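Peer 1: I'd like to ask you about the structure that follows.
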Amino acid sequence: MLRRLPFAFVLLALTLPLHAQRGDNAMSEGEIEQLREAAYFPSDRVLVFIKLLDARNKKIQDLFAHPRKPGREQDTHDLLEQFTSIADELNDNLDNYGPHHKDLRKVLPKLLDASERWASNLKQPPENVEYDLARKLALEAIHDIRDEATHLIEDQKNWFAAHPPAKEPENMPAREVPR
Numbered sequence: 005m006l007r008r009l010p011f012a013f014v015l016l017a018l019t020l021p022l023h024a025q026r027g028d029n030a031m032s033e034g035e036i037e038q039l040r041e042a043a044y045f046p047s048d049r050v051l052v053f054i055k056l057l058d059a060r061n062k063k064i065q066d067l068f069a070h071p072r073k074p075g076r077e078q079d080t081h082d083l084l085e086q087f088t089s090i091a092d093e094l095n096d097n098l099d100n101y102g103p104h105h106k107d108l109r110k111v112l113p114k115l116l117d118a119s120e121r122w123a124s125n126l127k128q129p130p131e132n133v134e135y136d137l138a139r140k141l142a143l144e145a146i147h148d149i150r151d152e153a154t155h156l157i158e159d160q161k162n163w164f165a166a167h168p169p170a171k172e173p174e175n176m177p178a179r180e181v182p183r
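Residue numbers for the sequence shown follow my numbering, so the first one is 5 and each next one is one higher.
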């Protein structure tokens, strides 16, 4: 019996790192790659986040637009958790962009419009104990995004009025906008 005890500790020590490596599965590898590609262009990155959140929002709407299938509540819960995770990541990015004065003036109104759409759509599914907490957390994440975007709009208006950006040369090639 005493010989088995150290073996059990070794097994436990090996399984803990494996569990930690599973990580967050809110995004696919393709979605993560899209964010990596837009990493150097904050406006493009915000647009990618909007696209990802729109996709989760649409999947949730689709679950309730069609006849009920078994597991709908669990699927809704999972999609709401993914939505919250992606929204929190977007909010972290916005928190980082503000102090560095990244120019988001064109994309922030789009983000505000999207946040209104998301909040409205996520309130539509009927109450259900299986996903109500996940929905509450998603709505709080949307509220945080809306607050941060509203704050950034005012900050950027003031910053860029006092520090106008340099004009880009006309012969500069346009960068590709994310799909």
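Glycine residues also receive a C-beta, built at the ideal position from the N, C-alpha and C atoms.
No experiment lies behind these values; they were computed from the predicted model shown.
Taking residue 118 and residue 57 to be in contact with their CB atoms under 8 Å, please state how far apart those CB atoms are, rounded to whole angstroms.
Peer 2: The pair is a contact, with the Cβ atoms about 7 Å apart (cut-off 8 Å).
Peer 1: So, at 7 Å on beta carbons, what are the nonlocal neighbours of residue 99 in its own chain, with the 5 sequence-adjacent residues on each side left out?
Peer 2: Same-chain partners within the cutoff: 152.
Peer 1: Report the CB separation of residue 42 from residue 90 in whole angstroms; it is logged as a contact under 8 Å.
Peer 2: That belief does not hold up - the Cβ atoms of residue 42 and residue 90 are roughly 14 Å apart, past 8 Å.
Peer 1: Taking the continuous alpha helix (DSSP H) assigned at residue 89, which residues delimit it?
Peer 2: Looking at the DSSP string, the run of the alpha helix (DSSP H) that includes residue 89 is 76-101.
Peer 1: Where does the unbroken alpha helix (DSSP H) through residue 124 begin, and where does it stop?
Peer 2: Segment 112-126, the alpha helix (DSSP H) holding residue 124.
Peer 1: Give every residue of the same chain whose Cβ lies closer than 6 Å to the Cβ of residue 138, excluding the five residues on either side of it in the sequence, and list them in chain order.
Peer 2: Result list for residue 138: 81, 84, 85, in chain order.
Peer 1: Comparing alpha-carbon positions, which option in 120, 148, 72 lies nearest residue 97?
Peer 2: Taking only the C-alpha atoms, the option nearest residue 97 is 148.
Peer 1: Hey, is residue 93's beta-carbon within less than 8 Å of any beta-carbon in chain C?
Peer 2: Within the model displayed, chain C is absent; a lone protein chain is all it includes.
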